[in-house]
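**Q** Numbering (the numbering used here), first residue to last: 810 to 1053.
Don't be surprised by glycine CBs; every beta carbon is placed ideally from N, CA and C.
All values reported here derive from a predicted model rather than from experimental measurement.
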Amino acid sequence: MIAKCVLKYKRVVTVQMKQEVEVSYKIYQDHASNRRIFGFWSAFVPCATQNKDAVQLTLEQIDVIKRLIDKYPQFLQFSTSVTGILEAHSARPRKIASLIGIEGGHSIANSLGVLRSYYQLGVRYMTLTHTCSTPWADSANDPPVVNGLTEFGEKVVREMNRLGMVVDLSHVSDNTTRAAIRISKAPVIFSHSSVYSLCNHIRNVPDDIIQSLKENGGLIMVNFFPEFVKCAPNATISDVAGKY
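1) The alpha helix (DSSP H) spanning G913 covers which residue range?
2) If the criterion is Cβ atoms closer than 8 Å, does the pair I911 and G931 meet it?
3) What residue range does the alpha helix (DSSP H) around V966 cover?
4) Rounded to whole angstroms, what's the CA-CA distance from T959 to A946? Just pull it up for me.
5) In three-state DSSP terms, what is S1000?
6) Would you call the region 933-943 and the region 969-982 in contact, with 3 or more CB pairs under 8 Å?
7) Going by DSSP, what residues sit across from I1029 in a beta bridge?
8) Is the separation between the beta-carbon of V966 and that of I998 shorter than 8 Å?
9) Please report the distance separating the alpha-carbon of R906 from that of A852.
10) Would you kindly report the start and end of the unbroken beta strand (DSSP E) that includes R1012?
11) Under three-state DSSP, which class holds R876?
12) Can you tell me whether Q859 is helix, strand or coil according to DSSP?
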């Protein structure tokens, strides 16, 4: 199901419940039927929380996402599997299957137990890093230290494979990405990246990784942020059409 979908857009919405929070929501669309299939609510916490309260804040983000879904059952349906996605799509009126992802491996606080607990709460993808490196994986935004994955980083990828949690490589450094694709036994994704040969932004994917991604069975969900598609503050449909 994931392989048939592309990134429609990414936006930040503000949810007013008992407190105001910001959560990132990615809508994925079946390009054959042009219908919305599902969306990932990204439980993101800032890199400044690393080695501090990242786990607590991530749990609070997951809690907010679940309460939001419960508050709007006429539009949203909590899902953790392909079956759940199809059930939401088949409902009348049709609902948006709402899944949860985590953006940034700092949210697991170097603990496979925390990773497994997130899965039990419904998390179905995790970005290995955000804009900060972890002790076991390098971010594209930081000078490389690990230059791939540490032994623990390899265990993270293997455990995600075992659980059925998708490995997301947006924000991740090139060498860490290469290591993750080499180790992963399941298709990986880039949840919001573009192509380096078309725009040499550090968040975009080089050609050799795109080739290995094809062999892995994964995919890139293109980010249409102007800085990623044109390396400029502004971009139009004509800058994208025929290239992506």
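**A** Quick look at the numbers:
1) Here G913 belongs to no alpha helix (DSSP H), and DSSP marks it neither H nor E.
2) no
3) E960 to L972
4) 7 Å
5) strand
6) yes
7) F999
8) no
9) The sequence shown places Ala at residue 906, not Arg. When rounded, the distance between both Cα atoms is 16 Å.
10) Per DSSP, R1012 belongs to no beta strand (DSSP E) and is neither H nor E.
11) helix
12) coil
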